[in-house]
Structure formats: structure tokens, C-alpha cells
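The sequence shown begins at 0 in numbering that gives the first Met the number 0 and counts up by one.
Reviewing the structure listed below.
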Amino acid sequence: MNVLVLAPHPDDETIGCGGSVCLHARRGDRVTVVFLTSGELGLKDLPARRARAVREREAQAAAKRLGIARLHFLRHPDWFLGEHITAAARDLRPILLREQPDLVYAPHEADAHPDHQATLSVLRSAARRTKIACAVRAYEVWTPLAAFDHVEDISRVMTTKLAALREHRSQLSEFDYLRAVRGLNAFRGELAARCRFAEAFQTVSLGTPA
Numbered sequence: 000m001n002v003l004v005l006a007p008h009p010d011d012e013t014i015g016c017g018g019s020v021c022l023h024a025r026r027g028d029r030v031t032v033v034f035l036t037s038g039e040l041g042l043k044d045l046p047a048r049r050a051r052a053v054r055e056r057e058a059q060a061a062a063k064r065l066g067i068a069r070l071h072f073l074r075h076p077d078w079f080l081g082e083h084i085t086a087a088a089r090d091l092r093p094i095l096l097r098e099q100p101d102l103v104y105a106p107h108e109a110d111a112h113p114d115h116q117a118t119l120s121v122l123r124s125a126a127r128r129t130k131i132a133c134a135v136r137a138y139e140v141w142t143p144l145a146a147f148d149h150v151e152d153i154s155r156v157m158t159t160k161l162a163a164l165r166e167h168r169s170q171l172s173e174f175d176y177l178r179a180v181r182g183l184n185a186f187r188g189e190l191a192a193r194c195r196f197a198e199a200f201q202t203v204s205l206g207t208p209a
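Spelled out as C-alpha cells, the structure:
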């Protein structure tokens, strides 16, 4: 199976679906991650170019932990992805054609961050001019899903997911993402999957917004 993860910023792929990504890789699936922005505003004290370099290095280190095969950095403006949907879709389209994903992960459209909200629009726009037929699962980052229809037991890879998240060390001083992720995945595990840790997803149509 070919799996494609759309991440608005480095660390979203780990927070939202890092456990599932790790399970895919261990099953022998090919996992590719596309970072639509490089999250330069997450390091406001650095010039944008240096901030991008730091965050991309962290993403590469996290990818090794999770078993991701390939990364793409499209470098659209952090926080303003919604104003660059056409350009981001144009950059994403050849990757979709090359990777031919069977399954795509992307943030859900009700997430609190504007770049997360815009990601599915980028995917829909990119897919419109291709013959890609794939399943899409929306993941949660800043805002938990109000409704979900797929739950993945990630208990046996939770340690790996947290190790990958620690690689995004530049982002851990302002927010305790480790505590948040551990708590959310424990909550999903207990109430949705009767296991220790789980990730929840919403199946999304490429045709119309959820």
C-alpha cells in the first residue's frame, strides 16, 4: 500500500497520525510525507530561512523514527496556506501522480489552525485534475474531532511516536505536546478502542468538504 501524509507543518504528521504511520511502515507500506509549509513561524526569533532549516532537520529525524520513506517540503508561507491553495495544489499534483497513494492522511477541516483547515482544500484541488482514487482519513492536531469513524490501536508503537515527537524539539518549549499527545491518545484508547493508546480519524470525501 502507498500511503501519503499531508502535514501543514513539521510535527503535524507525528502528532496527528505518527502511530498509524509507524504501523504502516512496519507492515511494509510505503509512506511519503508532504509538508505544505516548513513551520517557520514556530521559531519567531530566527530568520525565516534558518527557521525552515531547523524544522526540516527535525522532520527528517522524526521521519527516521517512524519509518517514513520520503519527505517533500513545498515551503509555502506558514499561517497563510489558505491564500496559496492554487499554488500548493499545483506543487502537490505531480507528487500524487508519482506516488499513486491508496490512502491519504490530512488534518480535519474544523481544526483551530488556519493552515490545518486549508489542507484538505489543497488536496481536493490537486486531485481534481488527476485520476487519483484514494481513501482519505482526517486526523486531529489542535482540535479533537467531534465525530470519527476509524480508530487505530497504536499502543505497541506509542513509545516510538513519542520519540519521534521529541525530535521536533524546537516546538516543545512553548507547548507540552508530549503531554497533550499522550493524553489525547490515551483518551481515544480508553473510550474508543478499549486499549492503552489510539488515534482517531474521520473518513473524508475528496468531492465535497466534510
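Glycine included, each C-beta is placed from N, C-alpha and C at the ideal position.
From a predicted model like this one, the values you see are computed outputs, not experimental measurements.
Under DSSP, Glu39 shares a beta bridge with no residue.
When Glu198, Gln170 and Ala50 are compared, the shortest CA-CA separation from Gly182 is found for Glu198. Counting every other CB atom within 10 Å of its CB across the protein chains shown gives Asp44 a total below 16, marking it as exposed. DSSP, read as helix, strand or coil, puts Glu151 in strand. The Cβ atoms of Arg195 and Ser154 sit closer than 8 Å to each other.
Between the alpha carbons of Glu139 and Arg97 lies a distance of about 27 Å. DSSP, read as helix, strand or coil, puts Thr142 in coil.
Taking C-beta atoms as the reference points, Leu91 and Ala117 fail to come closer than 8 Å.
Gln99 counts as exposed, since fewer than 16 other beta carbons sit within 10 angstroms of its beta carbon.
Assigned with DSSP and collapsed to three states, Arg51 falls in helix. Ranked by Cα distance from Val33, the options Gly81, Leu5 and Leu42 are led by Leu5. Rounded to the nearest whole angstrom, the C-alpha separation of Cys21 and Asp114 is 24 Å. Closest by C-alpha distance to Arg136, out of Ala145, Ser172, Leu102 and Asp110, is Leu102. Measuring C-alpha to C-alpha distances from Gly18 to each of Ala179, Ala162, Glu173 and Val156 identifies Val156 as the nearest. Annotated three-state conformation of Pro106 is strand, per DSSP.
The C-beta separation of Ala134 from Thr202 comes to about 7 Å, placing the pair in contact by the 8 Å criterion.
Check the Cα spacing between Leu70 and each of Ala88, Gly41 and Glu57: the tightest is with Glu57. Under DSSP, Arg25 takes part in no beta bridge, so it has no partner.
The C-beta distance from Thr142 to Ala191 rounds to 16 Å, too long to meet the 8 Å contact threshold. Residue environment analysis places Arg54 among the buried positions, since at least 16 neighbouring C-beta atoms fall within 10 angstroms of its C-beta.
DSSP places Glu173 in the coil class of the three-state scheme, outside both helix and strand.
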